[in-house]
Amino acid sequence: MSEQTLSTKKVVTRFAPSPTGKFHVGGLRSALYNYLYARKHGGTYILRCEDTDPIRSKKEYEDYFLELFKWLGIEHDAYYRQSERTEIYRSYLNKMIAEGHAYVSKEQPKEEGGRTEVIRFKNPNGVVTFHDDVLGNISFNTAELGDFIIARDFDSPLYHLTVVIDDFEMGVTHIIRGQEHVSNTPRQILIQEAIGAPRPTYAHASIILNNERAKLSKRDPLVRPALEYRDEGYVPEALLNFMALLGWNPGTEQEIFSMPELIQAFSIERMQKQGAVFNPEKLEWINKEYIKKMHPKRQMAMLDEFMPEAIRTLPDYKEKREHLAPILLERIGHFGEIKEMVAQGELAYYFIQPEYEKEKLFWKDERDSAKLIERLVRVSDTLSALPSEVFTREGIKEALWPYAESEGRGQILWPMRYALSGRDKSPDPFQLASLLGKKETLERLAFAIALYHDQHE
RNA sequence: GGCCUCAUCGUCUAACGGUUAGGACAGCACCCUUUCACGGUGUAGAUCCGGGUUCGAUUCCCGGUGAGGUCACCA
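To convert, count from 1 in the first sequence and add 17; that's the working numbering.
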């Protein structure tokens with residue numbers, strides 16, 4: 018039904034955050050859906066700052082979501098600030114009062130210095146039934162709402178009023194928002210009818226839930242300010258991809274979408290009714306997928322961006338970076354993990370001679386230090402003889418493999434790897450050696466040999 | 001509590017009366033392998049309950065139960 022009006026009417030969607038706090042992931046999905054829907058139908062996507070509450074609204078929070086959407090690449094076609102539209106609301110207020118849809122009401126101030134007058138909506142007290150494109154028909158008896166307040170005074174309109182006026186004035190055709198707004202809808206429809214505005218198409222998306230299956234609230238550890246995901250090294254497209262799949266599915270088994278693919282695939286018909294738990298592990302997986310598929314240049318840029326100063330400024334960082342990148346990229350779910358790796362000492366050994374207990378050089382139950390030295394020396398000699406052109410992962414492996422095969426791989430490769438990394442877990446020794454370079458590799462092998470040298474002099 | 005909404009593996013979900021109820025994440029096992037990571041293969045795991053309707057219900061209807069949302073001079 019709604020699809021038929023689309024062909025004749027240009028789609029206009031909007032997302033309307035209020036600048037009363039750092040924008041968090043919960044609201045992200047609504048912005049995305051509205052953006053996707055507008056783009057898919059060649060329509061307009063409006064971003065509207067709902068800053069009618071002068072006490073709670075802060076410029077910094079407006080800047081915050083502006084910066085967020087810029088990072089995410091969700092570009093709006095128009096931007097409005099409700100605080101700059103007081104004139105418009107006032108004229109509607111006057112008109113509504115003149116037509117008997119609203120009235121100035123004398124109030125008994127509830128608190129000290131409270132208001133003695135507010136503007137209330139004259140509720141016709143009927144039943145409102147509306148169609149929601151995801152939930153179906155919903156009916157409310159609006160008599161329960163009473164004559165609700167729509168403005169504190171002529172210069173201080175409230176949410177329900179401003180939303181309806183703006184959506185009307187801006188020609189909004191589709192309202193996609195979270196299900197927590199379902200119960201607001203009858204009020205807004207009442208106001209629409211009072212000012213003669215057409216009813217837009219509604220699509221209420223499922224609630225996003227936390228582990229406890231409750232709506233994401235400010236207190237939730239999951240509800241971090243959205244830009245923290247940028248600061249922790251998540252890929253914006255991955256975050257969006259993840260959010261898109263929370264309460265919507267394409268009907269196919271595709272899970273990774275580029276933005277154009279998402280725009281193409283998105284449809285209100287496939288939005289979910291039931292709540293969706295925000296699952297950070299799945300986000301991590303999707304982000305990982307994006308990291309793997311990312312253009313190498315961008316991988317490098319992000320790597321540098323998240324590399325701690327202490328590492329990035331080391332003299333041989335630039336040369337080693339090319340080797341380091343693949344090792345790091347297959348180990349992280351988001352770039353911020355590099356910091357954790359540094360904290361756990363999992364990066365330093367690429368640059369400086371690691372310290373370790375010499376017993377760790379032994380493979381499993383081996384304890385024959387003479388043999389250990391003999392093997393390390395043999396490895397060292399072999400590598401020493403290797404021309405620098407073939408001091409690559411493959412070249413090194415080729416040079417060492419026959420010996421490792423004959424002596425037992427663990428007997429050769431474990432001590433070598435340990436000598437190079439000083440850690441129980443690390444990339445393979447060939448990769449390490451090629452990354453460290455011939456000189457450094459030989460030095461570290463010599464260092465290991467020296468640890469046992471005295472005993473055998 | 002009133003009103004509104006929802007209900008398939010632990011999680012995100014597919015199925016729009018007929019399927020061995022499918023996929024993904026997480027889990028587990030195995031393989032690869034000198035360790036880690038990557039990768040590969042495999043495995044376990046769900047239709048909230050009770051009534052209908054129907055030859056046949058995850059699917060349609062009713063009733064429970066459970067969960068969530070919302071009830072501001074916030075948005």
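Glycine included, every Cβ here is placed at the ideal spot set by N, Cα and C.
Quiz item: Excluding five sequence neighbours on each side, which residues of the same chain lie with their C-beta closer than 6 Å to the C-beta of Ile273?
Solution: Excluding residues within five positions, the ones whose Cβ falls inside 6 Å are Glu306.
Self-check item: Option nearest Ile225 by Cα separation, candidates Asp149, Ala261 and Val180
Solution: Checked all of Asp149, Ala261 and Val180; the closest Cα to Ile225 is Ala261.
Quiz item: Quick one: what does DSSP say Trp88 is sitting in, helix, strand or coil?
Solution: Secondary structure of Trp88 (DSSP, three-state): helix.
Self-check item: As assigned by DSSP and simplified to three states, the class of His41
Solution: Here His41 sits in strand by DSSP.
Quiz item: For the candidate residues His470, His191, Pro253 and Ser284, whose alpha-carbon lies nearest to that of Gly268?
Solution: Of His470, His191, Pro253 and Ser284, the residue nearest in Cα terms is Ser284.
Quiz item: Using a Cβ-Cβ cut-off of 8 Å (strictly less than) and excluding sequence neighbours within five positions of Tyr420, which residues of its own chain qualify?
Solution: Excluding residues up to 5 positions away in sequence, Arg395, Val396, Thr399 and Ile429 lie with their Cβ nearer than 8 Å to the Cβ of Tyr420 in the same chain.
Exercise. At 4 residues or longer, and completely inside the segment 384-444: list those alpha helix (DSSP H) runs for me, N to C.
Key: Within the segment 384-444, the complete alpha helix (DSSP H) runs of at least 4 residues are 386-401, 410-424 and 426-438.
Quiz item: Ordered along the chain, which non-local residues of its own chain (more than five positions away) have a Cβ less than 7 Å from that of Glu202?
Solution: In the sequence on display, residue 202 carries Thr and not Glu. If we look at Thr202 and ignore the five residues flanking it on each side, its Cβ neighbours are Phe147 and Tyr219.
Self-check item: Local conformation of Ser156 per DSSP, three classes
Solution: Three-state DSSP puts Ser156 in a strand.
Practice problem: Might you give, ordered along the chain, the residues of its own chain that have their beta carbon closer than 8 Å to the beta carbon of Glu197, omitting 5 neighbours on each side? | Solution: If we look at Glu197 and ignore the five residues flanking it on each side, its Cβ neighbours are Ile224 and Lys232.
Exercise. Kindly list the residues whose CB is nearer than 8 Å to the CB of Ala463, restricted to its own chain and excluding five residues on each side of it in sequence; keep chain order.
Key: Once the five neighbours on either side are set aside, the close Cβ partners of Ala463 are Ser397.
Practice problem: Using the Cα positions of Ser74 and Gln291, report the straight-line distance between them to the nearest angstrom. | Solution: Spanning the two alpha carbons is a distance of roughly 32 Å.
Practice problem: Give a yes or no on whether the C-beta atoms belonging to Ile167 and Tyr109 are separated by under 7 Å. | Solution: Against a cut-off of 7 Å, the Cβ pair of Tyr109 and Ile167 comes out as no contact.
Self-check item: Leu64: first and last residue of the uninterrupted alpha helix (DSSP H) it sits in
Solution: Going by DSSP, Leu64 is part of no alpha helix (DSSP H) but of the beta strand (DSSP E) stretching over Thr61 to Cys66.
Quiz item: Span of the alpha helix (DSSP H) holding Ser451?
Solution: Pro446 to Leu453 is the extent of the alpha helix (DSSP H) around Ser451.
Quiz item: Rounded to the nearest angstrom, how far is the Cβ of Thr69 from that of Pro174, given a contact under 8 Å?
Solution: Right, their Cβ atoms sit about 6 Å apart.
Exercise. Please go through the same chain and pick out, in chain order, the residues whose beta-carbon is closer than 7 Å to the beta-carbon of Arg107, but skip the five residues on each side of it.
Key: The beta carbon of Arg107 lies closer than 7 Å to those of Phe171 and Asp172 in the same chain, with the five residues before and after it left out.
Self-check item: Residue closest to Glu391, alpha-carbon to alpha-carbon, out of His470, Glu124, Phe185 and Asn154
Solution: Of the candidates His470, Glu124, Phe185 and Asn154, the one whose C-alpha sits nearest the C-alpha of Glu391 is His470.
Quiz prompt | Chain-order list of residues whose beta-carbon lies under 7 Å from that of Met18 (same chain, five-residue window excluded) | solution = Note that Met18 scores 40 on pLDDT, short of 50, meaning its location in the model is unreliable and no value can be drawn from it.
Exercise. Could you pull out every residue in the same chain whose Cβ sits closer than 7 Å to the Cβ of Ser438, ignoring the five residues on either side in sequence?
Key: Cβ within range, chain order: Tyr366, Pro371 and Leu449.
Quiz prompt | CA-to-CA distance, His340 to Ala243, given in whole angstroms | solution = Their Cα atoms are separated by approximately 32 Å.
Quiz item: Are Ala48 and Phe32 close, meaning C-beta to C-beta below 7 Å?
Solution: Yes, they are a contact pair.
Quiz item: Any idea what DSSP makes of Ala318, helix, strand or coil?
Solution: The three-state secondary structure of Ala318, taken from DSSP, is helix.
Quiz item: Expressed to the nearest angstrom, what Euclidean distance is found between the alpha-carbon atoms of His221 and Ala293?
Solution: Using only the alpha carbons, I get a separation of about 13 Å.
Quiz prompt | Cut-off 6 Å between Cβ atoms - residues of its own chain near Lys27, not counting five sequence neighbours on either side | solution = Hits under 6 Å: Gly60.
Self-check item: 8 Å CB neighbourhood of Arg287 in its chain, flanking five on each side removed
Solution: Here Arg287 has Trp265, Asn266, Pro267 and Gly268 as same chain residues with Cβ atoms under 8 Å from its own Cβ, once five neighbours each way along the sequence are excluded.
Quiz item: Is it right to say Asp184 is buried, meaning 16 or more other beta carbons lie within 10 angstroms of its own, or is it exposed?
Solution: Answer is buried; the Cβ neighbour count reaches 16.
Quiz item: In terms of alpha-carbon separation, which member of Arg65, Ile72 and Asp94 lies closest to Asp80?
Solution: Closest by alpha carbon: Arg65.
Quiz item: For Tyr120, which three-state DSSP category applies?
Solution: Of the three classes helix, strand and coil, the one that applies to Tyr120 here is strand, per DSSP.
Quiz item: Which of helix, strand or coil does DSSP assign to Pro242?
Solution: The three-state reading of DSSP puts Pro242 in strand, counting E and B together.
Exercise. Measure the CB-CB distance between Leu259 and Ile212 and report whether it falls below 7 Å.
Key: In the sequence under discussion, the amino acid at residue 259 is Phe, which differs from the Leu named in the question. Going by C-beta atoms, Phe259 is not nearer than 7 Å to Ile212.
Quiz item: Of all the options Leu468, Leu452, Ala318 and Arg384, which has the alpha carbon lying nearest to the alpha carbon of Leu364?
Solution: When C-alpha distances from Leu364 are compared across Leu468, Leu452, Ala318 and Arg384, the shortest belongs to Leu452.
Quiz item: Which residue's Cα is closest to the Cα of Ala255: Pro446, Leu162, His351 and Ala342?
Solution: Comparing alpha-carbon positions, the option among Pro446, Leu162, His351 and Ala342 lying closest to Ala255 turns out to be His351.
Exercise. Taking Gly427 as the reference, give the member of Met319, Arg440, Gln281 and Trp380 with the closest Cα.
Key: Answer by Cα proximity: Trp380.
Self-check item: Secondary structure of Arg73, DSSP reduced to three states
Solution: In the structure shown, Arg73 sits in coil (DSSP, three-state: anything other than H, G, I, E or B).
Quiz prompt | Element boundaries [beta strand (DSSP E), containing Ala95] | solution = Per DSSP, Ala95 is one residue of the beta strand (DSSP E) stretching across Ala95 to Arg98.
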